[in-house]
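J.: Attaching a single structure in structure tokens format; questions to follow.
2 protein chains.
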Amino acid sequence: MELTDKMQAFVMHCGEMGSRWGFNRTIGQMYALLLISEEPLSANELSQTLHISRGNVSMGIKELNSWQLIATRHKPGDRKEYYQPAGSIWQMANRVFEQRRKREIDPTLSLLRDNLLDEPRDQQERYAQQRLLEIHDLLEMITEWASELQRLSPEKLSTLMKLGAGVSKILDFRDKLSPKDRTET
Amino acid sequence: MELTDKMQAFVMHCGEMGSRWGFNRTIGQMYALLLISEEPLSANELSQTLHISRGNVSMGIKELNSWQLIATRHKPGDRKEYYQPAGSIWQMANRVFEQRRKREIDPTLSLLRDNLLDEPRDQQERYAQQRLLEIHDLLEMITEWASELQRLSPEKLSTLMKLGAGVSKILDFRDKLSPKDRTET
DNA sequence: CCAAATGTTCATTATGTTCTGAAAGTACCT
DNA sequence: AGGTACTTTCAGAACATAATGAACATTTGG
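Listed in order, the protein sequences are those of chains A and B.
According to this note's numbering, the first sequence is numbered sequentially starting from 9.
According to this note's numbering, the second sequence is numbered sequentially starting from 9.
Written out as structure tokens, the structure is:
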């Protein structure tokens, strides 16, 4: 497959950013290429276009699958598998957030929970536990909040997002109009 | 400095998570240790407690400084520098999000913007640009939204967070009670 | 069943990242 | 100035991660 310069630039950029986003260079490139390609691509096409080994592509496919970021397609009379991005950009972002939450937050949260079950033995531990509690509460809020966003329908999500700079206005607004519905602060 | 088992476990865990959070193992350990330690610690104490080289501590301090995560303190009659976490847990989380935004999103956003300025030359590019536009809009929303959250006062932020599962309720609520104030969707 | 086409695995190699420690730098005493 | 207490830097060693490609596995049409 031939890429224009601009497409090439985008694909390479995604490669460079790949590791910052939680996967590696080739996986970033592969996903970028699939995203901007109108037709699904086969493993061989990926390998040739990106100049990476066939084996590496196979690994990458496996990883992208585990992130649920791609779907496999078949063409009639063709034994090859063709790959394309799974779902909308929104869904993709959701998947990435979810995966990252699992890797970056959940393990810490469970360590903190365990830790907080024990009674502190001395002043040093008492202080430490206090800090851990703060972190715990913060992380818990973040995860709860994130899963709430995920449960939200795409339209509502979109409304909320477009609200942008208006979030704080809504809070005031709510407090003014309906004190009885107020969440405890 | 002597650590209890539990404190030790937490510090080591943060080391392991360090790279997932955007810094490396020793920096994760250093920050964790400073967090749970009631007193500010000197570079030597960090080095000895964590069994890492003095030089490494110096690099780590530099990095943590650049993230604005620690503050330097001095004790009267002591030439050493002592370090402690800068600000509250909330502020820490803000800093981390901000830094990560700079590294993980901003570069991509600016590439996308450049790319979208050019006219597509053929169908292939037209399709690709469409996808890039979607990603661009998504990332832009995320950053706008994040900076909105950062501008929010801690109390409001806390309200919003505690709202948790109520976010979607509020959206309905607003639509029902005050159609004239509605944000365009 | 075979042969051809495709997909997967994994030991080895290549690349990238982090850590150490010795040397150099700085600041402050007397 | 020379000495001491501390910090920073950076080349190279140690370690970690990713990529290759040849060997192995699987599928399918005949």
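Using N, Cα and C, we set each Cβ at its ideal position, and we do this for glycine too.
Bear in mind that the values here come from a model prediction, so they are computed numbers and not experimental data.
Quick one: Cα of residue 192 (chain A) to Cα of residue 110 (chain A), how far?
T.: Residue numbering aside, residue 192 (chain A) sits at position 184 when the first sequence is read from its first letter. Residue numbering aside, residue 110 (chain A) sits at position 102 when the first sequence is read from its first letter. Interpretation of residue 192 (chain A) is limited by its pLDDT of 45, a score under 50 that renders its predicted location unreliable; the figure taken from the coordinates is listed afterwards. About 29 angstroms.
J.: In this structure, does DSSP put residue 18 (chain A) in helix, strand or coil?
T.: For this step, residue 18 (chain A) is matched to residue 10 along the first sequence. Reduced to three states, the DSSP call for residue 18 (chain A) is helix.
J.: I need the straight-line Cα distance from residue 155 (chain A) to residue 87 (chain B), nearest angstrom please.
T.: If you number the first sequence from 1, residue 155 (chain A) lands on position 147. If you number the second sequence from 1, residue 87 (chain B) lands on position 79. Between residue 155 (chain A) and residue 87 (chain B), the C-alpha separation is close to 49 angstroms.
J.: Alpha carbon to alpha carbon, how far is residue 19 (chain A) from residue 56 (chain A)?
T.: Here residue 19 (chain A) refers to the residue found at position 11 when the first sequence is read from its first residue. Here residue 56 (chain A) refers to the residue found at position 48 when the first sequence is read from its first residue. In a straight line, the C-alpha of residue 19 (chain A) is about 14 angstroms away from that of residue 56 (chain A).
J.: What does residue 21 (chain B) touch in chain A if you count any residue whose Cβ is under 8 angstroms from its own?
T.: As a first step, residue 21 (chain B) must be located in the second sequence, where it is residue number 13. In chain order: 115, 116 and 119.
J.: Can you give me the start and stop residues for the beta strand (DSSP E) that residue 48 (chain A) sits inside?
T.: Taking the first residue of the first sequence as 1, we reach residue 48 (chain A) at position 40. Neither: residue 48 (chain A) is in no beta strand (DSSP E) and is coded neither H nor E.
J.: Is residue 58 (chain B) near residue 37 (chain B), with beta carbons less than 7 angstroms apart?
T.: By 1-based counting over the second sequence, the position of residue 58 (chain B) is 50. By 1-based counting over the second sequence, the position of residue 37 (chain B) is 29. Cβ atoms of residue 58 (chain B) and residue 37 (chain B): closer than 7 angstroms.
J.: Using a Cβ-Cβ distance under 7 angstroms, would residue 34 (chain B) count as near chain A?
T.: Within the second sequence, numbered from 1, the residue matching residue 34 (chain B) stands at position 26. For residue 34 (chain B), the answer is no, since every Cβ of chain A falls outside 7 angstroms of its Cβ.
J.: I believe residue 140 (chain B) touches residue 44 (chain A) by the beta-carbon criterion, under 8 angstroms. Please report the beta-carbon distance rounded to the nearest angstrom.
T.: Residue mapping note: residue 140 (chain B) aligns to position 132 of the second sequence, counting from 1. Residue mapping note: residue 44 (chain A) aligns to position 36 of the first sequence, counting from 1. Residue 140 (chain B) to residue 44 (chain A), Cβ: 7 angstroms. Contact.
J.: Alpha carbon to alpha carbon, how far is residue 79 (chain B) from residue 162 (chain B)?
T.: For the purposes of this step, residue 79 (chain B) is identified with residue 71 of the second sequence, where counting begins at 1. For the purposes of this step, residue 162 (chain B) is identified with residue 154 of the second sequence, where counting begins at 1. Using only the alpha carbons, I get a separation of about 21 angstroms.
J.: Hey, quick one: how far does the beta strand (DSSP E) through residue 115 (chain B) stretch, first residue to last?
T.: Within the second sequence, numbered from 1, the residue matching residue 115 (chain B) stands at position 107. No beta strand (DSSP E) contains residue 115 (chain B), which is instead part of the alpha helix (DSSP H) from 114 to 125.
J.: Flag this pair as yes or no: are the beta carbons of residue 146 (chain A) and residue 150 (chain B) separated by less than 7 angstroms?
T.: Here residue 146 (chain A) corresponds to residue number 138 of the first sequence, with the count starting at 1. Here residue 150 (chain B) corresponds to residue number 142 of the second sequence, with the count starting at 1. No. Outside cutoff.
J.: Let me see if you follow: with CB-CB separation under 7 angstroms, is residue 83 (chain B) close to chain A or not?
T.: Along the second sequence, one-based indexing puts residue 83 (chain B) at 75. No, its Cβ sits nowhere closer than 7 angstroms to a Cβ of chain A.
J.: Quick one: which chain B residues come within Cβ less than 7 angstroms of residue 29 (chain A)?
T.: The count along the first sequence starts at 1 and reaches residue 29 (chain A) at position 21. Here the neighbours are 112.
J.: Of the choices A:126, A:93, A:132 and A:160, whose alpha-carbon is the least far from that of residue 75 (chain A)?
T.: The residue given as residue 75 (chain A) occupies position 67 in the first sequence. Residue A:93 is the option with its Cα nearest to residue 75 (chain A).
J.: Along chain B, in chain order, which residues have C-beta atoms closer than 8 angstroms to that of residue 67 (chain A)?
T.: For the purposes of this step, residue 67 (chain A) is taken as residue 59 along the first sequence, with counting starting at 1. By Cβ distance, chain B contributes nothing, its closest Cβ being about 20 angstroms from residue 67 (chain A), past 8 angstroms.
J.: 7 angstroms is my cut-off, CB to CB: does residue 78 (chain A) come that close to chain B?
T.: The residue given as residue 78 (chain A) occupies position 70 in the first sequence. Judged by the 7 angstroms Cβ criterion, residue 78 (chain A) is not in contact with chain B.
J.: How about the region 22 to 33 of chain A and the region 104 to 119 of chain A: do they share at least three Cβ pairs that are nearer than 8 angstroms?
T.: Enough Cβ pairs lie closer than 8 angstroms, so yes.
J.: Can you find the residues in the same chain that come closer than 7 angstroms, C-beta to C-beta, to residue 42 (chain B), ignoring five residues on each side of it along the sequence?
T.: Position 34 of the second sequence, counted from the first residue, corresponds to residue 42 (chain B). 49, 78, 91, 92 and 93, listed in sequence order.
J.: Taking C-beta pairs closer than 8 angstroms, name the residues in chain A that residue 123 (chain B) reaches, listed in chain order.
T.: Residue mapping note: residue 123 (chain B) aligns to position 115 of the second sequence, counting from 1. Correct list: 14, 17 and 18.
J.: What's the gap between the Cα of residue 122 (chain A) and the Cα of residue 123 (chain B)?
T.: Residue mapping note: residue 122 (chain A) aligns to position 114 of the first sequence, counting from 1. Residue mapping note: residue 123 (chain B) aligns to position 115 of the second sequence, counting from 1. If I take the Cα positions, the gap works out to 49 angstroms.
J.: May I ask you to list the residues that DSSP assigns as paired with residue 78 (chain A)?
T.: The count along the first sequence starts at 1 and reaches residue 78 (chain A) at position 70. Residue 78 (chain A) pairs with A:93.
J.: Please report the distance separating the alpha-carbon of residue 70 (chain A) from that of residue 158 (chain B).
T.: Walking along the first sequence from the start, residue 70 (chain A) turns up at place 62. Walking along the second sequence from the start, residue 158 (chain B) turns up at place 150. So the alpha carbons of these two residues sit roughly 37 angstroms apart.
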